[in-house]
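Residue numbers (my numbering): 8 to 215.
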């Protein structure tokens with residue numbers, strides 16, 4: 008299994024290199040590829056009423072540019088603030104069980120919350136969100152273990168509390184999914200369903 012890490016808009020290549028180097032530590036990946044080309048954010052993704060970008064429009068663009076295969080997953084990385092219907096914002100989203108997936112760096116930087124710059128904290132958050140969304144593309148659903156990287160992050164505090172590793176059950180499930188050719192994944196996601204999001208919900212705080 009290989010992962011294509013695709014920059015959506017300008018992204019510091021040093022940030023992408025962290026994903027290239029560290030993603031195989033936490034997921035069963037043989038290769039992480041960073042292409043030279045950068046995709047522009049589609050104009051139709053921007054919502055001027057919210058000042059945010061609709062994740063589904065960007066995911067659709069990624070899907071058209073590089074459809075996922077059984078041997079490859081695609082992770083988009085963007086610096087803009089993302090949202091999905093019914094949510095104040097999202098840290099990331101995966102489109103169905105094979106992807107593509109996307110993460111936003113916008114709310115992962117400590118400076119967003121009025122804190123001093125902390126590259127180690129920022130990069131750790133980014134890695135957690137990347138592993139989480141790629142986990143969805145490998146057939147995982149949200150985990151009830153608050154320390155597992157597949158636990159739903161309703162706020163940045165949830166992201167900080169959980170680890171970057173899969174719990175034993177989620178790790179075993181990924182291996183079983185790969186071994187079985189994902190034969191049981193559709194029972195969890197449904198055909199063409201949303202693989203998972205992480206972000207703050209409008210109104211009452213509820214998991215999705």
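Glycine included, each C-beta is placed from N, C-alpha and C at the ideal position.
Judged by beta-carbon spacing, residue 111 lies beyond the 7 Å limit of residue 94, meaning their Cβ atoms are not closer than that value.
Nearest neighbour of residue 139 by Cα position, chosen from 55, 126, 153, turns out to be 153. Each residue's CA atom was taken as its position, placing residue 146 and residue 119 some 32 Å apart. For the pair residue 183 and residue 22, the Cα-to-Cα distance works out to about 31 Å.
With contacts defined as CB atoms closer than 7 Å, residue 69 and residue 83 qualify as a contacting pair.
When the five nearest sequence neighbours on each side are left out, the beta carbons in the same chain lying within less than 6 Å of the beta carbon of residue 49 are those of 64, 68, in order along the chain.
Rounded to whole angstroms, residue 174 and residue 75 show a C-alpha spacing of 25 Å.
With distances taken between CA atoms, residue 185 lies nearest to 143 out of 172, 166, 143. The alpha carbon of residue 136 has as its nearest neighbour, out of 121, 123, 125, 101, the alpha carbon of 101. Straight through space, the alpha carbons of residue 126 and residue 103 are spaced by roughly 31 Å.
In the structure shown, residue 173 adopts coil according to DSSP, grouped into three states. Residue pairing of residue 14 in beta bridges, as defined by DSSP: 84. Where residue 71 is concerned, the enclosing alpha helix (DSSP H) starts and stops at 62-72.
Note on geometry: alpha-carbon atoms of residue 53 and residue 87 lie some 10 Å from one another. Residues of the same chain with a CB within less than 6 Å of the CB of residue 166, apart from the 5 flanking positions on each side, are 132, 135, 160 in chain order.
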